[in-house]
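There are 2 protein chains.
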Amino acid sequence: MRILIDGMGGDYAPQEIVKGAVKAAAEIDDIIVILGPEDLIREQLDVCRWKGSNIEIMNATEVISNDETPAMSVRKKKDSTIVKGMNMIKNGEGDVLISGGSTGALLAAGLVVLGRLKGIKRPAIAAWFPALAEGGSTLLLDCGANVEAKPEYVYQNGIMGSIFVRAIKGIEEPSVKLLNIGAEAGKGDELHKEAFRMLSDADINFVGNIEGRDVIFGGCDIVVTDGFSGNIFLKSSEGMSLAIMGQFKKKLTEGVVAKAGAMLAYSKIKEIKKVFDYSDVGAAPILGLKGAVLKMHGNSTETEVYYAIKKAIPYVNNDVTGMIAEAVSRNNVLSAKKETGGDEEDK
Amino acid sequence: MRILIDGMGGDYAPQEIVKGAVKAAAEIDDIIVILGPEDLIREQLDVCRWKGSNIEIMNATEVISNDETPAMSVRKKKDSTIVKGMNMIKNGEGDVLISGGSTGALLAAGLVVLGRLKGIKRPAIAAWFPALAEGGSTLLLDCGANVEAKPEYVYQNGIMGSIFVRAIKGIEEPSVKLLNIGAEAGKGDELHKEAFRMLSDADINFVGNIEGRDVIFGGCDIVVTDGFSGNIFLKSSEGMSLAIMGQFKKKLTEGVVAKAGAMLAYSKIKEIKKVFDYSDVGAAPILGLKGAVLKMHGNSTETEVYYAIKKAIPYVNNDVTGMIAEAVSRNNVLSAKKETGGDEEDK
Chain G
0 MRILIDGMGG DYAPQEIVKG AVKAAAEIDD IIVILGPEDL IREQLDVCRW
50 KGSNIEIMNA TEVISNDETP AMSVRKKKDS TIVKGMNMIK NGEGDVLISG
100 GSTGALLAAG LVVLGRLKGI KRPAIAAWFP ALAEGGSTLL LDCGANVEAK
150 PEYVYQNGIM GSIFVRAIKG IEEPSVKLLN IGAEAGKGDE LHKEAFRMLS
200 DADINFVGNI EGRDVIFGGC DIVVTDGFSG NIFLKSSEGM SLAIMGQFKK
250 KLTEGVVAKA GAMLAYSKIK EIKKVFDYSD VGAAPILGLK GAVLKMHGNS
300 TETEVYYAIK KAIPYVNNDV TGMIAEAVSR NNVLSAKKET GGDEEDK
Chain W
0 MRILIDGMGG DYAPQEIVKG AVKAAAEIDD IIVILGPEDL IREQLDVCRW
50 KGSNIEIMNA TEVISNDETP AMSVRKKKDS TIVKGMNMIK NGEGDVLISG
100 GSTGALLAAG LVVLGRLKGI KRPAIAAWFP ALAEGGSTLL LDCGANVEAK
150 PEYVYQNGIM GSIFVRAIKG IEEPSVKLLN IGAEAGKGDE LHKEAFRMLS
200 DADINFVGNI EGRDVIFGGC DIVVTDGFSG NIFLKSSEGM SLAIMGQFKK
250 KLTEGVVAKA GAMLAYSKIK EIKKVFDYSD VGAAPILGLK GAVLKMHGNS
300 TETEVYYAIK KAIPYVNNDV TGMIAEAVSR NNVLSAKKET GGDEEDK
């Protein structure tokens, strides 16, 4: 397997990307290809004292930043890490592309270079969210690939998410809930009411609405949402988590007594941090593209990069992309919509 | 001042409502009117050994539950605590109505009995959200009054919120941000892009977008949003807060060493809980109605009821309703839209 990683994507690139790649490469037989300016990446590999043989460099001289318009930069910067990586996936020179760079550019390049799977209206970003109940994590999608929402997209998220969780976790009929402003059926705006109806009719284990408050406590395998709400949900939760953990860190180092207390409770506090820690879940797949593309958090460091690479392997081995393509072609509702030209609108 | 409180609204009614009312009544000169079945409320007052003279009971024999369709139950249950309370506000027999009951019923009754202020398209629920930066709280609206979103509603939320924060906090030009999926201008779906443009042109201190992650860290006085996103934001944040605090409570009582540590750090842990504690902020006003209506959380207990009553007093004294009415009539954009019949659609 050839795992491509964007050496220039994210806040701590290229240093942390290369460090994470070196750490992962020492444990696997697969080849890791780092995309970026050759000299710069080689320099970082030297810093890490890399002597192995399963890391390659693919020279890519351009970088697309978060401030650029995705569509335009993808068209113009042919030698950027993202566009070059996407072309390598298309040409069979890589099995999966991982990037911590601009989500917009990654999506735009994915759509332009790889294209959508037949029958899929919009790709979706699927991220793991910590869950306190057994199971330990819930798949949330869409986390912000599509900001303009339609019931069909939310419905397709239910199908893609079900296939993904079945492949990765081995759960035969993963349960799906719809993120909504009330738990009862009939809640929400027209978009979510219609999405509820479509999900109810779908050949998946759809079990109803879930409120934002309840996701963290677990209770279902997949939460589907439109990209706008999903993004608000994910970032609000993250903000609150960061704020509370930050307060504990600050307050428990104020004064000798509290410090002593925190030291005694240290192992337990570490356990709590672990529960809400996202660093080992791996990168978030962009489902619905004709190829395996994973999005890392922009602030990823060595640990996150390491896990992104390690978790990419079962993702490719399980051929999630192929499974989604197959399920969609089997699914009458999607095919019917496809034949009426329903997925042509964003071309 | 006559403060009306729904004795039957919320998970712990009537016991906790009456307890909170008794606690508040002992500290104020204003009259508190508890709505509910007379015998039941009197019984609870006896349990609290109430001997004062500033609590009255208004007999209301019906209750609207959360499971009922708001519009229909408001039409049918004329003797419900919510409909009766709303009529008392209309007839000048009360200055403010506080309820922990069904949000939908409260809104429907507000619209039917009181009606909207001239020029206001939709009322909005405005709640205080904790903020770590100086100031200590951010006003968030709409928190779920309107699930069907339009840019004009979000824009009016900016105006109503500015008037409210000016009145309550005395900030001359409170800063307003728009909850969005990115901080840069031009982010979001069409609805939020248009809302951004309208807010930019408004005669308020609008300073741009804010992401869900950043609200808790403060940095602005008011965050405006559509009701769907606002509800998702609020409940996600609340869920994460409950989950983390719950984990600390659980883990720090596991084993003697951690327990000892937690005891040493006790005062600091209490300080942290205080930062994220919502119980003393008071109830959330429904802005835009022709009368003062406050929504308490459904799980309110004595403390929340007590603060809801205490904080209702400056709310009424500052005549927020009158100020919004005046500002809207002065505002050309709103008036223009009003004249074209733009606010007639939900009649």
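Those protein sequences? They're chains G and W, same order as listed.
Using numbering that gives the first Met the number 0, you'd call the opening residue of the first sequence number 0 and step up by one each time.
Using numbering that gives the first Met the number 0, you'd call the opening residue of the second sequence number 0 and step up by one each time.
Just so it is clear, CB atoms sit at the ideal spot from N, CA and C, and this is done for glycine as well.
V146 of chain W reaches chain G at I180, G187 and D188, counting residues in chain order whose Cβ is nearer than 7 Å.
Secondary structure note for N230 of chain G: its alpha helix (DSSP H) is the uninterrupted segment G226 to K250. Rounded to the nearest angstrom, the Cβ distance from I56 of chain G to I30 of chain G is 11 Å, too far for a contact under 8 Å. Using beta-carbon distances, I285 of chain G does not count as an interface residue toward chain W, since no partner is under 7 Å. Taken through DSSP and simplified to helix, strand or coil, T300 of chain G comes out as coil. For a cut-off of 8 Å, the C-beta gap from P173 of chain W to D141 of chain W is around 17 Å, too long to register as a contact. Among the bridge pairs identified by DSSP, R1 of chain W is matched with W:I30.
Per DSSP, reduced to three states, the secondary structure at E171 of chain G is coil, with no helix or strand assignment.
Contact residues of the segment 67 to 81 of chain W toward chain G are absent (C-beta to C-beta distance below 8 Å). Nearest CB-CB separation between A264 of chain W and chain G: below the 7 Å threshold. For Q246 of chain G, the nearest CB of chain W lies under 7 Å from its own CB, placing it at the interface with that chain. Taking the C-beta atoms as reference points, G260 of chain G is found nearer than 7 Å to G260 of chain W. Here E42 of chain G carries a helix assignment [DSSP, helix/strand/coil]. Setting aside the 5 residues that flank it on each side, R115 of chain W is surrounded in the same chain by R121, P122, G287, L288, K289 and D342, each with a C-beta closer than 8 Å to its C-beta; the list follows chain order. For the segment 219 to 234 of chain W, residues whose beta-carbon sits nearer than 7 Å to a beta-carbon of chain G comprise F227, S228, N230, I231, F232 and K234.
When 7 Å is used as the limit between beta carbons, M239 of chain G is near these residues of chain W: I215, S236, M239 and S240, in chain order. By the rule that beta-carbons nearer than 7 Å mark a contact, E303 of chain W does not touch chain G.
Contacts with chain W at 7 Å (Cβ-Cβ) include E270 of chain G. One Cα belongs to T302 of chain W, the other to L96 of chain W, and the distance between them is close to 18 Å. DSSP places F275 of chain W outside both helix and strand once states are collapsed to three, so it counts as coil. Selection G:N65, G:P36, G:I162 and G:M85 evaluated against L293 of chain G yields G:M85 as nearest (Cα-Cα). In chain order, L251 place their CB closer than 6 Å to the CB of A257 of chain G, counting only its own chain and leaving out the 5 sequence neighbours on each side. The alpha-carbon of I27 of chain G is positioned some 50 Å away from that of S136 of chain W. Residues of chain W whose Cβ lies closer than 7 Å to the Cβ of V256 of chain G are, in chain order, L263.
Interface annotation, L131 of chain W: in contact with chain G, CB-CB separation under 7 Å. Listed along chain W, no residue sits closer than 7 Å to F195 of chain G by beta-carbon distance, the nearest being about 13 Å off. Flagged as an interface residue toward chain G: K267 of chain W, by a C-beta distance shorter than 7 Å. Close partners of V274 of chain G in chain W (Cβ separation under 7 Å): Q246.
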